[in-house]
Amino acid sequence: MNKEDFIIHAFLNEKNGDDGAVIDQWCYSKDLFFENVHFKREWLTLEQIAIKAMLVNISDAIVMNAEPKYALLGLALPNLSNEEIKILQKGFLKTAKKFGIKIIGGDTIYNDKIDISVTIISKVREKAVFREGLKKGHLLAYTGNLGESLRGLEILQNGGKLNLSHRFIKPKLRADFFYEIAPFISCAMDISDGLSKDLSRLLAKNKCGIEWLKNLDDYTLYSGEEYEILFAFDETQRFKIEQIAKKHRVKLNIFGKAVKGKYEFNGREHHF
1 MNKEDFIIHA
11 FLNEKNGDDG
21 AVIDQWCYSK
31 DLFFENVHFK
41 REWLTLEQIA
51 IKAMLVNISD
61 AIVMNAEPKY
71 ALLGLALPNL
81 SNEEIKILQK
91 GFLKTAKKFG
101 IKIIGGDTIY
111 NDKIDISVTI
121 ISKVREKAVF
131 REGLKKGHLL
141 AYTGNLGESL
151 RGLEILQNGG
161 KLNLSHRFIK
171 PKLRADFFYE
181 IAPFISCAMD
191 ISDGLSKDLS
201 RLLAKNKCGI
211 EWLKNLDDYT
221 LYSGEEYEIL
231 FAFDETQRFK
241 IEQIAKKHRV
251 KLNIFGKAVK
261 GKYEFNGREH
271 HF
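Position 205 (the sequence shown) corresponds to 205 in the UniProt record's numbering; numbering is contiguous.
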């Protein structure tokens, strides 16, 4: 058991262990976004830091089939000027407005670097989507093109620059697409630690293995911080989901089928 699983198991209950915790019709989720863990200051502007910190948290709500409504911010900040703080605030407020979120509180302390904790409170739509629900024979799929985040990280680590729309700087979330397919899928999660790692979690949760339908390269398998969607569905829903993907211009990659067995992650997680 790795350290993350060890910590989760220490607090394990029926609400824990998913992208968010669902209580009645509300979903509660939290992610951290820390300097020198997820980014370097020279890689992102203050506004970009705030935007990405919000987006990676909103991603968790979306894949639970919940609409973000409120946010709590935990900010550990170095000695920033008032103007710098305003730039940081702009990123939080702009992203919150885009997704209809009201920032309702939090806490701020001094720190020698920028560490951000965001709690998102979301309203579950008709029915929450969990990681559990996969059945043998279900098809496994992910959205978009994976690997760009890892390639971007390598460019930054080698002293290069990324354009402002690059996935590593500003993840693309697919809320409208996911909300429409939610009634027709069996389980889902966002891809934050790489397809292979997150797939191992999904399969372990459902006590399944995988029959590969495609050969995937290392960038596709191991690129973290992609925030595309990993999900599964019964073969009978395939045409409907393909039509929804076309409608939203989302690339749909059906790469595997759930079978008896288990899948072990044996790669390297590519976080900074």
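Yeah, the Cβ is synthetic: ideal placement off N, Cα and C, and Gly gets one too.
Item: Exposure of G194, with buried meaning 16 or more beta-carbon neighbours within 10 Å; Value: buried
Item: Residue environment, S223, which counts as buried when at least 16 other CB atoms sit within 10 Å; Value: buried
Item: Collapsed DSSP secondary structure at E132 in the structure displayed; Value: coil
Item: Alpha-carbon spacing of F272 relative to R151, whole angstroms; Value: Here the model assigns F272 a pLDDT of 43, short of 50, so the residue's position is not dependable, and the following value carries that caveat. Rounded to whole angstroms, F272 to R151 spans 12 Å at the Cα level.
Item: Spatial distance of K251 from N82 (CA atoms); Value: 42 Å
Item: At least three beta-carbon pairs within less than 8 Å, the stretch 213 to 232 to the stretch 129 to 144; Value: yes
Item: One or two residues paired with N57 in a DSSP bridge; Value: Answer is none; N57 lacks a bridge partner.
Item: CB of M64 within 8 Å of CB of A96, strictly; Value: no
Item: Where K52 falls, given that 16 or more other Cβ within 10 Å makes a residue buried; Value: buried
Item: Identity of the residues DSSP links to N82 by a beta bridge; Value: DSSP, once it has assigned bridges, lists no residue as partnering N82.
Item: Residues sharing a beta bridge with A21, DSSP; Value: Y28
Item: Inter-stretch contact at 8 Å, needing at least 3 Cβ pairs: the stretch 238 to 246 / the stretch 191 to 208; Value: no
Item: Which listed residue (S186, E84 and K214) has its alpha carbon closest to that of I241; Value: S186
Item: Host alpha helix (DSSP H) of Y110 (start-end); Value: Segment K102 to Y110 is the beta strand (DSSP E) holding Y110; no alpha helix (DSSP H) there.
Item: Close-in-space but distant-in-sequence residues of the same chain around R111 (CB under 7 Å, 5 per side omitted); Value: Residue 111 is actually Asn in this sequence, not Arg. Only A76, L77 and P78 meet the Cβ criterion.
Item: Three-state class that DSSP yields for Y227 in the structure shown; Value: coil
Item: Cβ-Cβ distance between L88 and L46 below 8 Å; Value: yes
Item: S192 and E148 closer than 8 Å at C-beta; Value: no
Item: Option in N158, G261 and N253 with minimal Cα separation from G209; Value: G261
Item: Where V118 falls: helix, strand or coil (DSSP); Value: strand
Item: Same chain only: Cβ atoms within 6 Å of S200, ignoring 5 sequence neighbours per side; Value: Y263 and F265
Item: Which listed residue (Y28, E180, L213 and D31) has its alpha carbon closest to that of E126; Value: E180
Item: Neighbourhood of A175 by C-beta distance below 6 Å, restricted to the same chain and skipping five residues each side; Value: I62
Item: Beta carbon of S117 nearer than 8 Å to that of P68; Value: no
Item: Helix, strand or coil at L153 [DSSP, three-state]; Value: helix
Item: Whether D60 touches G20 by CB criterion (8 Å); Value: yes
Item: Span of the beta strand (DSSP E), counted from its first residue to its last, around L139; Value: L139 to T143
Item: Assigned secondary structure, P68 (DSSP; H/G/I helix, E/B strand, else coil); Value: strand
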